[in-house]
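Data first, discussion second: the structure below is written as structure tokens.
Residue numbers (the working numbering): 0 to 117.
Written out as structure tokens, the structure is:
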């Protein structure tokens, strides 16, 4: 699967479970960890876990694997490492506290709508 197709799969899965304020950061040239960060949040532990479960299900359905998943049981900040794409799903307060968008403020953003419509 091409990287852009995986990005679309992840964003669509998060959007389907009503992830709030989805954002895609283009990390190419800025981070040795990943090419893209996908950031979103849910309003409860259950919603955060449901978003992550849907992403996992879609990744596995496409025959891919997850390199690392952290924080699922606590459901405050769940990180999914897909290699070139790292997904961060937060509780709203945790997202505000860690503010990855500000931390990586020099990273260009990619429109969620453009990814979903591609």
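Note that beta-carbon positions come from the ideal geometry of N, C-alpha and C, so glycine has one too.
Nothing here was measured: the structure is a model prediction, and the numbers come from that model.
In this structure, DSSP gives residue 54 a helical state, which the three-state scheme calls helix.
Between the alpha carbons of residue 107 and residue 58 lies a gap of roughly 25 Å. Judged by DSSP secondary structure, residue 84 falls outside any alpha helix (DSSP H) and instead within the beta strand (DSSP E) spanning 84-90. Residue 79 carries a strand assignment under DSSP once its states are collapsed to helix, strand and coil. Distance from the Cα of residue 5 is smallest, within the candidate group 102, 44, 56, for 56. In this structure, residue 26 sits away from residue 18, with a CB-CB distance that is not shorter than 9 Å.
Residue 21: member of the beta strand (DSSP E) spanning 19-25, first to last residue.
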